[in-house]
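Below: the structure, in structure tokens.
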Amino acid sequence: MAVLPVNDDADNIPSSFSPIDADRLRERLGAISPSAVIQVLDATPSTNDLAMAYLREAGADGSFAFAPLVAVAEIQTAGRGRLGRVWHSPPRLNLAFSLALPLEGLPEATPTAFNLAAAAIVCAAIERASPLRPAIKW
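Here this note's numbering is used: position 21 in the sequence shown is 40, and no number is missing along the way.
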């Protein structure tokens with residue numbers, strides 16, 4: 020088992036890590052949520068910007084009734100973390116994705132707690148399905 024450092028050194032990516040398989044991702048996620056909008060990109064400045072644009076468009080009529088969105092990118096060049104910290108994600112080194120889910124009726128503080136819980140769940144799933152030991156870069 021290889022332990023990968025949490026850094027931006029794309030030269031340390033194991034060659035066994037393959038690019039995102041968009042068709043397989045759509046097939047698997049579509050089975051879970053057939054109405055989901057799934058965007059898979061080679062590169063984007065920020066998956067969160069894609070999700071925010073989707074939400075603005077979905078809520079333009081005031082209904083905020085929308086299908087879930089999953090925005091995934093192989094490379095993210097201008098991601099933003101807590102406190103507005105900017106970072107980039109080289110190919111195959113990190114999971115760069117954003118989710119837009121209808122969370123109607125939940126308290127405003129819930130999205131922050133949801134983000135942390137979702138990140139922990141993704142890490143646990145990766146640990147169960149692979150020899151990798153992911154970390155949350157928050």
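Quick reminder that beta carbons are idealized off the backbone N, C-alpha and C, glycines included. These numbers were taken from a predicted model, which means no experiment stands behind them.
- The count of Cβ pairs closer than 8 Å, one atom from the region 84-102 and one from the region 35-54, reaches three, so the stretches are in contact.
- The beta carbon of ASP61 lies closer than 8 Å to those of ALA92, GLU93, ILE94 in the same chain, with the five residues before and after it left out.
- A Cβ-Cβ separation of about 14 Å leaves ALA115 out of contact with VAL105 under the 8 Å criterion.
- In the structure shown, ARG99 falls within a strand segment according to DSSP collapsed to helix, strand and coil.
- Looking at the backbone, the Cα of ASP40 and that of GLY81 are separated by about 35 Å.
- In the structure shown, ASP61 adopts extended strand secondary structure according to DSSP, grouped into three states.
- Going by beta carbons, LEU44 and VAL59 fall inside the 8 Å limit.
- LEU69 and ALA90 have their C-alpha atoms roughly 7 Å apart.
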